Structures are given as C-alpha cells and as structure tokens.
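Visitor: As numbered in full-length UniProt numbering, residues 1 to 141 make up the sequence shown, in order. We put the CB at the ideal spot given by N, CA and C, even for glycine. Keep in mind the model is a prediction, meaning the values are calculated, not measured. Shown below is the structure under consideration.
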Amino acid sequence: MNDDIHQPDEDFAPMAVDEVEDLEDSTLDPPVDRYGFIGGQQYTDPAKAHVTPIEVIRNREKKWMHMCKHWDYWTSTGKEKLRERCRKGIPDSMRCEAWQRLVQSPALSSRQGPVLNQEKPKPQPLSRGLLRKSSSHLSKS
C-alpha cells in the first residue's frame, strides 16, 4: 500500500475558527427580511426595525378577525380596504388564516374534497404480466 495517500497535502492547512467565522459573516447571500423575502424595499435592517406598540397590534388583529369572519363581504364590497390592509401588513397571529382565505383554499378544498379523499387504486404487480410477455416474445423469435 502507498502511505502517501494518508499524508496531508502541504498546500492544505486547516482554517482557524476566526477565519471560518469571517467567511460565514461575508456570505454571498443577500439580506432577507423577517419573512424570508430577499432585499428590496420591504427589507428592514433588524437594528433599525420599528417596534409596533402592542395596542396597535391588538387592534389590527381584531380588524383581521372581523374580516375573516365576514370574508364574503370583504372580497366583494370591501376589496379596496382589504387590499389596503394587506399592504399595511397582516398580523403574525392572523397570517395563516388570512393567507388561507386569500388563496381561497376553503373553496378549493370543498370543490376538490371528494377527489382528494378518494382512495388511490392499488398498483398491479408486474410479475403477472411479465411472464406472459417474455414467453410470447421468446416464442416469436
């Protein structure tokens, strides 16, 4: 056996911990906001982020709960107000419910529910037809 394989390369030297940390800090990934979106106007530096008072957050949550409860009205008559509130921001506690309604998942699941709940047909085993096909193939040649 050749022992040269196990010898470390002279050009290769392990990096020090501080060098690794420097590399991690200087990543090529662009900054993302708290929702995972990349850069752009919506990006806010966490150090400069404005903290919204709890009273304001609670009022927005109440408005969104009311909107979700009366969704048909807001999607027909109150479209402009719905658009305005979406642009202001959906409260974190209502984000899941609001997105489900915005993409109309309750309507889609009620329409597609029977199809989605059907049991899938079981696949037929290949071994049954395999012997027949291979034997007929052999008899023709």
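Applying the 10 Å Cβ sphere with the 16-neighbour rule, what's the burial state of residue 99?
Guide: With fewer than 16 Cβ atoms within 10 Å of its Cβ, residue 99 is classed as exposed.
Visitor: Does the beta carbon of residue 62 come closer than 9 angstroms to any beta carbon on chain B?
Guide: Protein chain content of the structure displayed is limited to a single chain, and chain B is not contained in it.
Visitor: When burial is assigned at 16 or more other CB atoms within 10 Å of the CB, is residue 57 buried or exposed?
Guide: Residue 57 comes out exposed.
Visitor: In terms of residues, what are the limits of the alpha helix (DSSP H) holding residue 57?
Guide: Residue 57 -> alpha helix (DSSP H) spans 54-69.
Visitor: Can you list, in chain order, the residues of its chain whose CB lies under 6 angstroms from that of residue 85, leaving out five sequence neighbours each side?
Guide: There are no such residues.
Visitor: What is the rounded straight-line gap between the Cα of residue 68 and the Cα of residue 97?
Guide: Spanning the two alpha carbons is a distance of roughly 8 angstroms.
Visitor: In the DSSP output, which residue or residues are listed as bridge partners for residue 38?
Guide: Per DSSP, 32.
Visitor: What do you get for residue 102, buried or exposed, if any count of 16 or more other CB atoms within 10 angstroms of its CB means buried?
Guide: It counts as exposed.
Visitor: Spatial neighbours of residue 63 within its chain, please: CB distance less than 8 angstroms, with the 5 preceding and 5 following residues excluded, ordered by chain position.
Guide: Answer for residue 63: 85, listed in chain order.
Visitor: So what's residue 142 in DSSP terms, helix, strand or just coil?
Guide: This structure gives no information on residue 142, because the portion of the chain shown stretches from 1 to 141.
Visitor: Would you kindly work out how many angstroms separate the C-alpha atoms of residue 75 and residue 82, rounded to a whole number?
Guide: Using only the alpha carbons, I get a separation of about 7 angstroms.
Visitor: Going by DSSP, what residue range makes up the alpha helix (DSSP H) through residue 113?
Guide: Counting along the chain, the alpha helix (DSSP H) containing residue 113 begins and ends at 105-117.
Visitor: Could you tell me the alpha carbon to alpha carbon distance between residue 121 and residue 110, rounded to whole angstroms?
Guide: Roughly 22 angstroms between the two C-alpha positions.
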